[in-house]
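For reference, the structure is listed below as structure tokens.
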Amino acid sequence: MITIAALASAATILAASLPSTDAHGYMLIPESQFSGSANSAWLVQIDPVWASDKWKGNTAASVDVFTSLKSANNFKDLKTLMDDTSVYGADCGFTDPNGTPQPVPTDGKATFSRALVHVGPCEIWLDDKKVLSEDDCYSKYGNENQDIKSVFPVDYSSCANGGCKQMRFYWLAFQGVDSKTVWQSYKDCIPLQGSGGGSTNTTSTSTGATPLTAAQTPSSGNSATPASGSTNSQFQAPTWFNFFGRD
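Using mature numbering (1 follows the signal peptide of the UniProt record, and there is no 0), the letters of the sequence shown map in sequence onto residues -23 to -1, 1 to 224.
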């Protein structure tokens, strides 16, 4: 009789043998630039800065904990929180804020390189103007299929007459690793040409994300040291093998 332990071991070996793909993501339109090759990995992975015994990895329960603790932690916005480089990593992450300025999109959208597959808050800023903010960007714009790019509605009207020199994207992803919850930070800075653009009337461009509950075990297993930002998208783990979510 094949045991669960044996199946888990076989699944782990199979996953390790499959080719990897872009695992985490970065802003694609307007396009992030890098001093070297594109790096889609999280910037830092840390224990939750806000203490609670109710964190539940990559589930909606973690979003509930985050929102419930905002007031007690004097939360202003995600940008202010994550601009603390001593905790959340370098300003602009792996991206190059001094690269070639990119055209301002004319369709009122910003497109990520893949689907958001983790719960957690995200924000988009144009210079000092916050143009998008959600407590859970997975439920709004994410998808269990990482190949479906997340698309965000963005009002680019402030870019008229030479405004909008830079877009900043912040994402604080909640993940389960080794039976505990961790925070993963993502920061992108994209230099813009400073004019053009448009707005969209779309308030939510959800790509079909299914809300995650604490009872669910979505996507693939552990990622104790996923520094390369890669995962195995072709491997579909059985439901008992899943834990808290994709890398």
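Yeah, the Cβ is synthetic: ideal placement off N, Cα and C, and Gly gets one too.
Please read these numbers as outputs of a predicted model, since none were measured by experiment.
- Taking one beta carbon from each stretch, the segment 91 to 99 and the segment 32 to 43 have 3 or more pairs nearer than 8 Å; the two touch.
- By the beta-carbon neighbour count (other beta carbons within 10 angstroms, threshold 16), Ser156 is exposed.
- Here Val26 is not near Thr88, since their CB atoms are 8 Å or more apart.
- Residue pairing by DSSP puts Trp160 in a beta bridge opposite Ile23 and Phe151.
- Note on Val154: 16 or more other CB atoms within 10 angstroms of its CB, so buried under the neighbour-count rule.
- In this structure, DSSP gives Cys136 a helical state, which the three-state scheme calls helix.
- Going by C-alpha positions, Asp73 is about 16 Å away from Pro80.
- Ranked by Cα distance from Pro7, the first of Leu20, Gly76, Asn51 and Ser14 is Gly76.
- Residue state for Lys142 is assigned as coil, using DSSP reduced to three classes.
- Ser29 and Lys142 have their C-alpha atoms some 39 Å from each other.
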